[in-house]
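Engineer: Right, I'll just put the structure down here and ask away after.
Residue numbers (the UniProt record's numbering): 1 to 223.
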């Protein structure tokens with residue numbers, strides 16, 4: 001429910017609608033090794049899924065083959081996205097990592113370090129907490145009140161937004177109370193995080209592409 005609701009909100013900001021989907025906290029076949037960074041579609045060379053529906057399908061298929069297993073480690077998937085973000089320095093791409101979790105974080109020190117390192121990259125992180133667990137640690141990662149730090153280094157900027165999904169569903173847990181409020185809160189900090197990255201690096205918006213002209217139509221020019 002959270003994956004579909006939040007995914008459908010953010011997918012409109014991606015041009016090709018192809019999403020790499022990773023799982024964490026599971027024993028994988030055939031040898032039962034525990035992984036915190038595996039392709040939901042079973043293809044580590046091409047973990048991309050077509051749209052949120054494709055992500056949902058990969059998620060359901062993955063549940064049939066893996067065994068969910070603790071602990072709950074965030075740093076591997078954060079570092080995974082950070083490796084891609086580190087290769088883009090011209091402002092042509094900005095990465096948003098959506099993490100959906102029902103567990104209390106196990107690798108807090110490593111996750112803080114990963115976030116501090118990623119705060120200078122073109123990326124943001126949305127964490128959606130699902131279920132009744134205590135999510136105090138997630139609020140700390142959000143960094144709104146106190147700038148997150150690791151090993152004496154402070155994050156260059158706040159890149160994390162935490163949303164507890166239970167605040168948006170009714171008592172039965174089956175219906176979202178307000179899709180508009182969920183969308184507003186999920187996306188609340190992304191625009192400022194995006195702009196702060198671009199501004200601090202002096203990256204200006206590219207000129208708008210010319211309007212599309214169907215084949216065979218005269219091209220209008222203005223002088």
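In this text, a Cβ means the ideal position worked out from N, Cα and C, and glycines have one as well. Values in this document were obtained by computation on a predicted structure and should not be read as measured data.
For the pair the stretch 79-96 and the stretch 51-59, tell me if three or more CB-CB distances fall below 8 Å.
Structural biologist: No: fewer than three Cβ pairs fall under 8 Å.
Engineer: Is it buried or exposed for residue 96, if we count other Cβ within 10 angstroms and need 16 for buried?
Structural biologist: Classification of residue 96: buried, given that the 10 Å Cβ count is 16 or more.
Engineer: Does the Cβ-Cβ distance between residue 126 and residue 98 come in under 8 Å?
Structural biologist: Against a cut-off of 8 Å, the Cβ pair of residue 98 and residue 126 comes out as a contact.
Engineer: Which of helix, strand or coil does DSSP assign to residue 9?
Structural biologist: Residue state, collapsed to three classes: helix.
Engineer: Between which two residues does the alpha helix (DSSP H) containing residue 198 stretch?
Structural biologist: 190-200 is the span of the alpha helix (DSSP H), which, as asked, contains residue 198.
Engineer: When every heavy atom of the ligand ATP is checked, does at least one fall within less than 7 Å of the C-beta of residue 31?
Structural biologist: Absence of the ligand ATP is noted for the structure shown, with no ligands found whatsoever.
Engineer: Residue 110: which of 121, 148 and 63 sits nearest, CA to CA?
Structural biologist: The residue with the shortest Cα to Cα distance from residue 110 is 148.
Engineer: Can you tell me whether DSSP reads residue 45 as helix, strand or coil?
Structural biologist: Three-state DSSP puts residue 45 in coil, outside helix and strand.
Engineer: What number of angstroms, rounded off, separates the C-alpha of residue 23 from the C-alpha of residue 13?
Structural biologist: Distance between the alpha carbons of residue 23 and residue 13 is about 22 Å.
Engineer: Report buried or exposed for residue 175, applying the criterion of at least 16 other Cβ atoms within 10 angstroms of its Cβ.
Structural biologist: Result: exposed.
Engineer: Relative to the C-alpha of residue 83, which candidate in 119, 72 and 105 has its C-alpha closest?
Structural biologist: Nearest C-alpha to residue 83: 119.
Engineer: How big is the Cα-Cα spacing for residue 122 and residue 49?
Structural biologist: In a straight line, the C-alpha of residue 122 is about 22 Å away from that of residue 49.
Engineer: Go through the stretch 42-102 residue by residue and report every complete run of the beta strand (DSSP E) that reaches 3 residues or more, in order.
Structural biologist: List check, beta strand (DSSP E) in window: 48-50 and 95-101.
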